[in-house]
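J.: Numbering (this note's numbering), first residue to last: 364 to 687. Once you've had a glance at the structure underneath, I'll fire off some questions.
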């Protein structure tokens, strides 16, 4: 099988590609490598802007995975136009090109943030998304666009992932579990702005498994799928990180709790992914934290800007503004 991953040199793609190569898939990556190149040697890197792809670039691939775009709320809020260009216009355009090129499946990296606020209910794929924030809105708009072109010859899958956390060679410390781990070490404190907020957490290892299950599913499979490892609230999450860091690294960590309002609180079910794809989570929050502990000596300077997507995007955004 030949797979093209747009945005494959990022946090998830770097781990995913290493796994895909074990199946002897031929994997090519389109990426400008904003955050460096940590890709395994077995894949081919095409340094190119996703916006410049044309139909001929996609001919010969069996599946196209779109992992590119702005990756969180801070990036989306920094530049509204860039958010909707990179998270909606470009992936929708590439899906159209993929179908025209004879690609069999297009996989879109969506997000559970489309649900916005679930009011203590656990939402499934049939629940009505309630997001009122640009990042979630951009993901939702892409879903609605790409499913317009799905048919019996062109499988389309939108993967609504919980917040992905854990270790990657292209490491990030702007994801909730990773951030708590970092601050526990640096400041001996974990700050929780709203302990009751619900979050679906997805281990990066489960995220990779989710992509593999999706890729290997029959081409008759299309649709939206939720993927999580575990639902939790921020207080429980902080307590888990606190306990493991204290135990494993001998750091006395304090929880600092506030009650700041936030309308981004959601829980999701992955029952459909289990039923259709056979996906069952294997790695949970405690496993994520233990994984981070095991890689502690690799992280070096936690202030390295490459660990924070918003910092790299700010530079790119300023360059764009200066050219305008």
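Cβ coordinates follow ideal geometry from the N, Cα and C atoms, glycine included. All figures in this text were calculated on a predicted structure; none of them were measured in a lab.
1. Let me know the alpha helix (DSSP H) ranges lying completely inside the segment 621-675, each 4 residues or longer, listed in chain order.
2. Out of 558, 518 and 602, point me to the one whose CA is closest to residue 625's CA.
3. Between the Cα of residue 633 and the Cα atoms of 561, 522 and 541, which residue gives the shortest distance?
4. Under the DSSP definition of a beta bridge, which residues are partnered with residue 528?
5. Under the three-state reduction of DSSP, which class applies to residue 522: helix, strand or coil?
6. CA-CA distance, residue 377 and residue 618?
7. For residue 467, which residues in the same chain have their Cβ closer than 6 Å to its Cβ, ignoring the five residues on either side in sequence?
8. Spell out whether any CB of chain B is found under 8 Å from the CB atom of residue 593.
9. In whole angstroms, give me the CA-to-CA distance for residue 621 and residue 386.
10. So, using beta-carbon positions, are residue 383 and residue 366 closer together than 8 Å?
11. Could you give the residue range of the alpha helix (DSSP H) that holds residue 374?
12. Is it buried or exposed for residue 549, if we count other Cβ within 10 angstroms and need 16 for buried?
13. In the DSSP output, what is residue 407 paired with across the bridge?
T.: On the basis of the supplied data:
1. 634-640 and 648-657
2. The residue given as residue 625 occupies position 262 in the chain shown. Checking every option, the nearest Cα to that of residue 625 belongs to 558.
3. Numbered from 1 along the chain shown, position 270 holds the residue referred to as residue 633. Comparing Cα-Cα distances from residue 633 to each of 561, 522 and 541, the minimum goes to 522.
4. For this step, residue 528 is matched to residue 165 along the chain shown. Answer by DSSP bridge pairing, in chain order: 566.
5. On the chain shown, residue 522 is found 159 positions in, with the first residue counted as 1. Residue state, collapsed to three classes: strand.
6. Walking along the chain shown from the start, residue 377 turns up at place 14. Walking along the chain shown from the start, residue 618 turns up at place 255. C-alpha separation (whole angstroms): 32 Å.
7. The count along the chain shown starts at 1 and reaches residue 467 at position 104. Contacts found: 425 and 582.
8. Considering every chain present, this structure includes no chain B. It has just one protein chain.
9. In the chain shown, counting from the first residue as 1, residue 621 sits at position 258. In the chain shown, counting from the first residue as 1, residue 386 sits at position 23. Whole-angstrom Cα-Cα distance: 47 Å.
10. Translated into the one-based positions of the chain shown, residue 383 becomes position 20. Translated into the one-based positions of the chain shown, residue 366 becomes position 3. Yes, they are a contact pair.
11. Stepping through the chain shown from its first residue, residue 374 is reached at position 11. Where residue 374 is concerned, the enclosing alpha helix (DSSP H) stretches over 374-384.
12. The sequence position of residue 549 within the chain shown is 186, counting from 1. When all chains shown are included, residue 549 counts as exposed.
13. Taking the first residue of the chain shown as 1, we reach residue 407 at position 44. Note: residue 407 sits in a beta bridge opposite 391.
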